[in-house]
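Quick mapping for you: the protein sequence lines, in order, are chains F and P.
The first sequence begins at 311 in the working numbering and counts up one residue at a time.
The second sequence begins at 311 in the working numbering and counts up one residue at a time.
Taking it in order: structure first as structure tokens, then the write-up.
There are 2 protein chains.
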Amino acid sequence: MIDPRVSTKDERFLQLALNLARRNVGLTGKNPSVGCVITSGDIILGRGNTQLDGRPHAEVVAIKQASDHYLYKKNKRIKDINVYVTLEPCAHDTTSPSCAKEIVNFGASRVVYLTADPDKRTNGKGKLLMEEAGIECIEAQIFKNENSDVLKGYLKQKQTGFPHITLKIGSSLNGKIATKSGESKWITNTLCRRRVQLLRSEHDGILIGKNSIIIDNPRLNLRDAFEIIEDKPIFILDTSFELASIESLSLFDRVRRDKVYIITSTKPKNMIKKTSDFLKGVNIETTKSDLEFLSVEEVLKIISRIGVNRLLVEGGGRVWTSFLKTGFFDEIVMFTGNKIINDSAISCFNDFLPPHTRLGDFPNLTLKSLLKWKDNIEARWEARY
Amino acid sequence: MIDPRVSTKDERFLQLALNLARRNVGLTGKNPSVGCVITSGDIILGRGNTQLDGRPHAEVVAIKQASDHYLYKKNKRIKDINVYVTLEPCAHDTTSPSCAKEIVNFGASRVVYLTADPDKRTNGKGKLLMEEAGIECIEAQIFKNENSDVLKGYLKQKQTGFPHITLKIGSSLNGKIATKSGESKWITNTLCRRRVQLLRSEHDGILIGKNSIIIDNPRLNLRDAFEIIEDKPIFILDTSFELASIESLSLFDRVRRDKVYIITSTKPKNMIKKTSDFLKGVNIETTKSDLEFLSVEEVLKIISRIGVNRLLVEGGGRVWTSFLKTGFFDEIVMFTGNKIINDSAISCFNDFLPPHTRLGDFPNLTLKSLLKWKDNIEARWEARY
């Protein structure tokens with residue numbers, strides 16, 4: 311039910327704020343991507359969204375723009391200033407005053423926001439701070455799903471301590487990701503590969519297994535229309551540190567070494583010491599491993615600590631399977647190419663449940679969207695919890 | 311390029327004829343499903359489509375209706391009678407005069423049709439017969455793809471001697487059709503299963519392997535909204551005639567025994583003689599087999615002889631693979647459920663090309679349509695020739 315205090319006009323400005331928030335998804339670091347619109351009556355005084363790496367916040371950008379507006383300059387105490395923002399304004403000061411304080415100082419009379427901030431330093435406190443200054447504050451019960459989609463990485467991290475996880479799979483129409491000999495270029499078409507660039511841009515970090523790195527030798531950078539975006543941190547799972555003996559990787563032609571994290575088990579300590587010049591500058595993280603697999607949970611703790619709220623898992627099959635097995639995934643984006651490949655080729659998933667599991671006990675996903683890219687399919691599946 | 315003699319009005323009436331033709335796809339036996347509209351100026355005098363099992367033809371139905379029209383009754387020699395028909399009218403008399411003659415007798419002045427009949431008894435002769443009677447005949451170069459879709463079984467049979475073949479697959483999102491223990495009820499949802507009923511109704515016959523019959527024990531009849539349609543001939547591939555020792559099948563609760571054909575190899579002759587009472591009335595056909603597999607080509611010759619122009623291949627994996635291997639398939643309709651199943655479960659296809667086949671040498675299909683049925687996907691893939 312929509313709060314009766316939220317008018318159609320409010321809804322329109324909130325939609326605009328939401329669109330602004332969408333623009334910087336995946337580019338705001340640890341901070342959520344937020345949008346803000348400041349109005350007086352029908353007139354938009356300012357617009358803003360969270361800037362690259364998270365600062366300044368959307369409200370600050372919008373307030374700065376509104377302060378320069380001739381209407382505001384002409385009459386500093388303009389009466390009906392509305393602030394529309396997709397997330398509750400923050401209440402904690404950092405190097406600069408909190409957004410809630412900035413809004414009070416700016417002289418807003420009313421604030422309408424979509425989602426309460428789960429951050430303990432702000433939750434309810436942003437609202438309270440503004441209300442105590444006499445501002446009407448409304449948490450509008452609209453665009454819940456849309457905004458959750460924009461904020462999903464941030465919300466997941468705050469609620470669980472783990473990032474939002476997307477498995478990105480490219481397979482033949484019978485679920486194979488490479489031929490028996492490991493050939494996978496190209497199972498999906500150029501349109502799908504362009505969509506992968508978009509997916510990378512929307513995530514804060516990319517995770518990949520060492521087999522994929524060694525066999526496919528991918529660049530993992532942002533290309534084409536996305537090359538203006540700074541490359542994302544790349545996490546390579548390499549239990550036995552096999553990369554120590556590799557001499558060349560396309561990855562390093564493109565991505566800065568300090569953006570690359572090799573996550574390995576605590577065992578191969580000698581290996582790490584002997585690290586070749588080739589890996590100089592690359593971050594090495596160690597964690598527990600169970601036989602040949604690293605603990606997914608421990609890996610995710612490292613990744614969360616580095617500030618990744620949205621993680622794209624690019625494969626391969628063993629990596630996807632370990633995420634599936636442990637239940638650490640929120641979405642699967644499946645690109646299906648128009649080829650049929652031998653069944654003995656490489657599958658997207660290995661076994662992840664005991665052999666005699668009943669059909670009803672295998673996981674069901676929710677199909678969120680379905681797109682046709684010429685002769686290929688992009689299906690977005692969501693885990694059900 | 312559209313023939314300049316074909317007006318927008320002609321196009322509209324041809325579209326109507328095409329829609330009439332679509333209605334009886336899969337219900338006209340060996341005959342193509344054809345639509346016919348007869349007009350005088352803007353007035354429709356009669357409409358018709360090929361009736362069940364192929365007789366009477368669309369033109370005869372439309373002429374009968376037009377003959378009863380008050381305008382035609384009032385003035386038997388009405389001037390501008392146009393006949394719109396999706397296939398060239400037949401030129402060969404059977405128990406009744408040919409459609410071309412019926413059109414001449416009816417007094418049409420102009421005939422516009424979409425596709426020339428590849429049947430040698432008619433090809434060009436239907437047109438010639440009408441032209442000799444002073445009727446203007448036009449083969450309109452429009453709706454080619456749409457009409458090919460309606461006529462695909464008939465055209466394929468006339469051109470190659472084999473039916474149009476659709477493989478119908480229901481799989482998990484990683485390409486599995488059953489768990490390791492053979493459980494497959496249900497991998498796809500009720501909407502997809504309803505679509506299977508539609509697929510059955512659009513085909514002239516259903517082919518299935520004996521493993522699927524024994525393990526899944528399917529009914530294979532037309533249900534729900536389709537139950538008014540007579541059940542289709544069912545072809546069961548059973549190389550070693552294992553069904554001889556089966557005591558009960560759900561199939562026979564629903565489908566008449568004379569509609570069922572067991573196709574087996576020429577070897578188990580003794581088995582066939584010993585056929586239990588349970589299989590009495592079922593047709594037994596024998597053909598060559600290569601080791602444990604029947605020759606797909608020989609099987610298709612039997613099916614063609616029985617008058618099937620559109621064959622739906624319902625599985626299982628071994629059957630689909632043998633069709634894939636021999637290149638005998640035109641379409642794959644793939645229903646993808648929203649489950650992920652262990653990799654060691656049963657795959658939709660087995661290996662069909664040598665183990666070291668390069669990625670580029672695996673077949674590419676064309677994605678003709680993509681539909682979302684709640685959390686399931688229906689993708690229609692066409693073979694490229």
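Glycine included, every Cβ here is placed at the ideal spot set by N, Cα and C.
Handout entry: Distance between F:Leu461 and F:Gln451 (C-alpha atoms, nearest Å)
Key = The straight-line gap from Cα to Cα measures roughly 16 Å.
Problem - Counted within 10 angstroms of its Cβ, other Cβ atoms place F:Gly434 as buried (16 or more) or exposed - result: Under this definition F:Gly434 is an exposed residue.
Exercise for the section: Indicate whether the contact test is met: 3 or more Cβ pairs, each with one atom in the region 473-487 of chain P and one in the region 609-623 of chain P, closer than 8 Å. Expected result: Judged by Cβ distances under 8 Å, the region 473-487 of chain P makes contact with the region 609-623 of chain P, as three or more pairs qualify.
Practice task
To the nearest angstrom, report how far apart F:Val255 and F:Ile445 are at their CA atoms.
Solution key: What is shown of chain F runs 311 to 695, which leaves residue 255 of chain F out entirely.
Practice task
For the region 660-671 of chain P and the region 558-570 of chain P, state whether three or more C-beta atom pairs, one from each stretch, are separated by less than 8 Å.
Solution key: Contact fails between the region 660-671 of chain P and the region 558-570 of chain P, because fewer than three Cβ pairs, one in each stretch, are under 8 Å apart.
Exercise for the section: Give, in chain order, every residue of the region 651-667 of chain F whose Cβ lies closer than 9 Å to some Cβ of chain P. Expected result: Among the residues of the region 651-667 of chain F, those with a Cβ less than 9 Å away from any Cβ of chain P are Ile651, Asn652, Asp653, Ser654, Ala655, Ser657, Cys658, Phe659, Asn660, Asp661, Phe662, Leu663, Pro664, Pro665, His666, Thr667, in the order of the chain.
Practice task
Sort out for me which residues DSSP pairs F:Val691 with in a bridge.
Solution key: The sequence as given places Trp at residue 691 of chain F; Val does not occur at that position. Looking at the DSSP assignment, F:Trp691 forms a beta bridge with F:Ile642, F:Leu677.
Problem - Proximity test, Cβ basis, 8 Å: F:Thr476 and chain P - result: Not one chain P Cβ lies under 8 Å of F:Thr476.
Exercise for the section: Over the uninterrupted alpha helix (DSSP H) stretch that includes F:Cys502, give me the two end residues. Expected result: 500-512 is the extent of the alpha helix (DSSP H) around F:Cys502.
Exercise for the section: Taking C-beta pairs closer than 9 Å, name the residues in chain F that P:Ala372 reaches, listed in chain order. Expected result: Those do not exist, as P:Ala372 stays about 38 Å from chain F at its closest Cβ, beyond 9 Å.
Exercise for the section: Please list the segments of the beta strand (DSSP E) lying wholly inside the region 342-379 of chain F, counting only runs of 3 or more residues, in order along the chain. Expected result: Within the region 342-379 of chain F, the runs of beta strand (DSSP E) that reach at least 3 residues and sit entirely inside it are, in chain order, 345-350, 353-359.
Problem - Contacting residues, own chain, Cβ-Cβ under 7 Å from F:Lys478 (five flanking each side not counted) - result: Val506, Leu509, Leu622, Val623, Glu624, Val643.
Practice task
Kindly list the residues whose CB is nearer than 7 Å to the CB of F:Asp313, restricted to its own chain and excluding five residues on each side of it in sequence; keep chain order.
Solution key: If we look at F:Asp313 and ignore the five residues flanking it on each side, its Cβ neighbours are Ile448, Ala450, Gln451.
Handout entry: Same chain, Cβ closer than 7 Å to P:Leu677, five either side skipped, listed in chain order
Key = The answer, listed in chain order, is Ala689, Trp691.
Exercise for the section: Please name the residues in the region 483-513 of chain P whose beta-carbon is closer than 9 Å to at least one beta-carbon of chain F, in chain order. Expected result: Going along the region 483-513 of chain P in chain order, one finds Leu483, Asn484, Gly485, Lys486, Ala488, Thr489, Lys490, Ser491, Glu493, Ser494, Lys495, Trp496, Ile497 with a Cβ nearer than 9 Å to chain F.
Problem - chain P contact for F:Lys682 (CB, 8 Å cutoff) - result: F:Lys682 counts as touching chain P.
Problem - Option nearest P:Ala554 by Cα separation, candidates P:Asn385, P:Thr574, P:Asp390, P:Ile544 - result: The candidate whose alpha carbon is nearest that of P:Ala554 is P:Thr574.
Practice task
Kindly list, in the order they appear in chain F, the residues whose Cβ is closer than 8 Å to that of P:Met581.
Solution key: Taking a Cβ-Cβ cut-off of 8 Å, P:Met581 has no neighbours in chain F, whose nearest Cβ is about 31 Å from it.
Practice task
Give the straight-line distance between the Cα atoms of P:Glu537 and P:Lys569, rounded to the nearest whole angstrom.
Solution key: Taking the straight line joining both Cα atoms gives about 16 Å.
Exercise for the section: Determine the contact status of F:Ile539 and F:Ser511, defining contact as a CB-CB distance below 8 Å. Expected result: The Cβ-Cβ distance between F:Ile539 and F:Ser511 falls below 8 Å.
Exercise for the section: Report yes if the C-beta distance between F:Pro407 and F:Gln469 is below 8 Å; otherwise report no. Expected result: Pairing F:Pro407 with F:Gln469 gives a Cβ-Cβ distance that is not under 8 Å.
Handout entry: Exposure label - F:Arg357; buried when at least 16 CB within 10 Å
Key = So F:Arg357 ends up on the buried side.
Practice task
Kindly indicate which three-state DSSP category P:Trp700 falls into: helix, strand or coil?
Solution key: No answer is possible for residue 700 of chain P: it lies beyond the span of chain P, which begins at 311 and ends at 695.
Practice task
Please confirm whether any heavy atom of the ligand COA lies closer than 7 Å to the CB of F:Leu337.
Solution key: The ligand COA is not part of this structure, which contains no ligands at all.
Handout entry: Segment contact, 8 Å Cβ cut-off, at least three pairs: the region 512-528 of chain F with the region 593-600 of chain F
Key = Counting Cβ pairs under 8 Å, fewer than three are found: no touch.
Handout entry: Nearest residue (CA-CA) to F:Asn341, options F:Leu438, F:Leu465, F:Phe588
Key = Of the listed residues, the one whose Cα sits closest to F:Asn341 is F:Leu465.
Problem - Below-8 Å beta-carbon distance, F:Asp600 vs any chain P residue - result: Closer than 8 Å: no.
Exercise for the section: Have a look at F:Phe603 and F:Arg615 and give me their C-alpha separation to the nearest angstrom. Expected result: Each residue's Cα considered, the two are about 21 Å apart.
Exercise for the section: Use the C-beta contact count for F:Leu483: other C-beta atoms within 10 angstroms, 16 or more gives buried, fewer gives exposed. Expected result: Buried, by the Cβ-count rule.
Problem - Terminal residues of the beta strand (DSSP E) in which F:Ala488 lies - result: F:Ala488 -> beta strand (DSSP E) spans 486-488.
Exercise for the section: Thinking P:Asn359 and P:Arg333 are a contact (beta carbons under 8 Å), I'd like their distance in whole angstroms, please. Expected result: Indeed, because the Cβ distance is near 6 Å, the residues count as touching under 8 Å.
Practice task
Let me know the secondary structure DSSP gives F:Val649 once reduced to three states.
Solution key: Residue identity check: residue 649 of chain F is Lys in the sequence provided, not Val. The answer is strand: DSSP assigns F:Lys649 an E or B state.
Exercise for the section: Kindly indicate which three-state DSSP category P:Leu326 falls into: helix, strand or coil? Expected result: Looking at P:Leu326 - three-state DSSP - the assignment turns out to be helix.
Practice task
Mind reading off the beta-carbon distance from F:Pro578 to F:Ser550? Whole number of angstroms is fine, and I expect it under 8 Å.
Solution key: Beta-carbon to beta-carbon, F:Pro578 and F:Ser550 are separated by about 6 Å, close enough to satisfy the 8 Å threshold.
Exercise for the section: Look at the alpha carbon of P:Phe633 and the alpha carbon of F:Lys611, and state the distance between them as a whole number of angstroms. Expected result: Each residue's Cα considered, the two are about 49 Å apart.
Exercise for the section: Work out the CA separation of F:Gly463 and F:Thr498 for me, nearest whole Å. Expected result: Straight-line Cα distance between these residues: approximately 27 Å.
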